[in-house]
Amino acid sequence: MGSLGVPISQPRKKPRKRSEIVASSPLVEITLLHRAMRLELEAMCEVAERLDRSSEAGEVAALERRFKDFDLVFASHSSAEDDFIFPTLASRGTSPSFPAQAAQEHEEEVALLRSVEDAIRRKVEGGAVTLAPTFRVLKEKLSEHMLQEEEVVFPLLASFPSAELANLVGLVMGSRPSEVLEATIRMEVTHLDKDHARHVLATMCDVARKTNFRSWLDAKFGNGFAKAPPARSPSSSPPAAGQCPYYGHATRIVAPCCGALVCCKRCHDAERQCPAKMDARRVTAMRCAACGADQPLAETCAYCATKVATYFCDLCKLLDSTNTPTFHCPFCMCCRRGNGLGVDYVHCMACNHCVSIEHISSHFCQADTATTCAICRRTLFASFEHVDLLPCGHPKHGDCYLQPHVACAHCAAAAAAAAAAPVDSQPSGVL
C-alpha cells in the first residue's frame, strides 16, 4: 500500500510515462519543480558531507541560507497540495482519504525539516554535529513522497479537462508569495537544463497570461538582481525631517519628473508644484533620513546602513513604515495590503485580481481589470487596498463602506439601463 493509500506494487496495464502525461500539460510546472527539488536536495547532501570533513564558517552559513530557501519552497508546495490539489481530488470522489493522508505525511516531513534546521543551527554555533546523515534521511523521505505523487496523483490529475487543470495550477501559482515564487524559479533555473527551464517558465507565463507575471519575471530576472553602487559621496545636506503622512517613513526620494525631494508619489501629487503625476516606478535616487546622504534608491543606506523603511519594494519603489502588513503580488505587479499570497490572498488567474482566500471559491470574476469600485467608483486594480464583495457580488475597496443611503453603483447602473430599454427588449422571465 502506497503512502497515499493506493497500491503501487500491483501490476498496471501499460501505464503512460509521467513525461507523456505532463509534456503538454500545466502539470509540467509541478513535475519539473519536483526534479529541481530532488537535485537541490542532492546538492545540499554533497555540501553537508564536505562540511562534515572540513567545516568552514562561511560555507556553513551559505548552506543555512540555501536550506532556508528550500524550506520556503517546499512549505509552499505542501500547502498548495493540502489547500487545493488533494481537496479537489477528494471532492471528485477519487480518494476521500487523500487530504488526511497527505496532511499526516506533511507533518512528518516538517519534523524532518526542523531536525535538519536544528542540526545546521548547532553547526553554525560551532557544535560537533554531523550534517550528512540528517540531510540523507530528508532527501530519501521527500524523494519517496514526490515519486508517490507522480505515480498516483499525476495520472488522476491528467484526466481533468484542460481548462479545469489550468485553473487548478493557476490557484497553486496564485497562492505563492513573491519571495517563494522567486526562490522557486531560482531553484528551477539552477538545476534544470535550459530547455526544461524555458519550458517551465513558458508554462507559468501561459497559466498567468492575463496577469502582469511576465513583467515581474523580466524585472526580477532580467537584470540579474544587480545592485547599483553608490553614485556619489554623501551630500552635506542635513538629514530630512518629518515623516511621510501616508507611509510613515522619513526618507526622501527624488521625483523623476521634477527632481524634487518628496516622501512618496502621493505627497508629490498632492503638493501640485509639478504639473506631472509622478511615476513611482521610475524613482532611482533618495536621501537618507539618518545621515543625509544622496544615493541610489536601496533598501538600506550605503553609508550608515540604516533601513530606509520597515517595508521596501524594489519593483514598485514603495517605502512603508506604518507596520501595516503589505506584500508584492508578482501577477498584479504591484504592492497590496495584506499578509501575502497563500496566507490571506490568492491571485485569480481568470480575472487578474487578488482575492481574499475566504472568497476564492465564490468571488465575482471581473473580466476587465479596469473595473471600478461599486461604492467610490475608483479603479480597483491599481488600488493599494484589498478588494471585498458586496452581497450582490460586485467588488469594492475594503475601506469603502456601504451606507444605508448609498446603492451599489453597478446595480444602480444596470437598473437604470433596464428601465430605459424598450419593453420588447426586456429578457423573458424577468419579474
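Counted the way the numbering used here counts, the sequence shown spans residues 48 to 478. Glycine is no exception: its CB is placed at the ideal position from the N, C-alpha and C atoms.
Residue environment, residue i, which counts as buried when at least 16 other CB atoms sit within 10 Å
i: G389; result: buried
i: K443; result: buried
i: C291; result: buried
i: E152; result: buried
i: R223; result: buried
i: C546; result: Residue 546 lies beyond the range of the chain shown here (48 to 478); nothing can be said about it.
i: K170; result: buried
i: A459; result: exposed
i: N270; result: For N270, the predicted structure reports a pLDDT of 49, less than 50, and the residue's modelled location is therefore unreliable. A value from the coordinates is still provided. N270 comes out exposed.
i: A278; result: Note that A278 has pLDDT 37, beneath the 50 cutoff, so the model's placement of it is unreliable and the number below is only indicative. Exposed, because fewer than 16 other Cβ atoms sit within 10 Å of the Cβ of A278.
i: A109; result: exposed
i: A70; result: Confidence is the limiting factor: at A70 the pLDDT is only 45, short of 50, which leaves the residue's position unreliable and the question unanswerable from this model.
i: A317; result: exposed
i: A255; result: buried
i: A323; result: exposed
i: G140; result: exposed
i: D341; result: buried
i: G306; result: exposed
i: G221; result: buried
Candidates the options: closest to residue i by CA position
i: R384; options: S209, D435, I232; result: D435
i: E103; options: H246, G174, L427; result: G174
i: K396; options: D99, N259, K364; result: Just to set this straight, residue 396 is Met in the shown sequence, not Lys. The option with the nearest alpha carbon to M396 is N259.
i: L159; options: P180, P322, K312; result: P180
i: V107; options: K188, P202, C92, P377; result: C92
i: F378; options: M251, C321, A352, C447; result: M251
i: C304; options: E96, C376, A327, C310; result: A327
i: V176; options: E164, D99, K267, H243; result: D99
i: I407; options: D391, A421, I422, T419; result: D391
i: S125; options: R97, E346, Y350, H192; result: H192
i: E128; options: E96, G105, D116, V200; result: V200
i: A150; options: A166, D130, G140; result: D130
i: E96; options: V219, D265, L178, L239; result: L178
i: R329; options: N370, D118, A266; result: A266
i: T371; options: C348, D361, G387; result: G387
i: V355; options: M380, K324, R319, C310; result: C310
i: D253; options: D341, F268, A213; result: A213
i: S138; options: L344, T331, L203; result: L203
i: R183; options: A90, G289, T331; result: A90
Whole-angstrom C-beta distance between residue j and residue i, which should lie under 8 Å
i: F359; j: L366; result: 6 Å
i: T357; j: S368; result: 5 Å
i: K186; j: L88; result: 4 Å
i: V163; j: F114; result: 7 Å
i: C382; j: C401; result: With a Cβ gap of about 11 Å, C382 and C401 do not count as contacting.
i: T78; j: E197; result: 6 Å
i: S123; j: V227; result: 4 Å
i: C376; j: H394; result: 6 Å
i: V216; j: E76; result: 6 Å
i: A230; j: D116; result: 5 Å
Short Cβ contact (8 Å threshold) for residue i with residue j
i: L74; j: E235; result: no
i: D188; j: E211; result: For clarity, residue 188 is Lys in the given sequence; the question names Asp instead. Result no, Cβ atoms of K188 and E211 do not sit closer than 8 Å.
i: C455; j: L427; result: no
i: N399; j: K312; result: no
i: S190; j: R112; result: no
i: C423; j: C447; result: yes
i: Y293; j: C321; result: no
i: L194; j: A83; result: no
i: S209; j: M380; result: no
i: A302; j: M325; result: yes
Legend entry - the segment 289 to 304 in contact with the segment 333 to 343 per 3-pair CB rule at 8 Å: Yes, the segment 289 to 304 touches the segment 333 to 343.
Inset, instruction - Taking 8 Å as the threshold, find out whether the segment 126 to 134 comes into contact with the segment 228 to 243 through three or more Cβ pairs. - result: no
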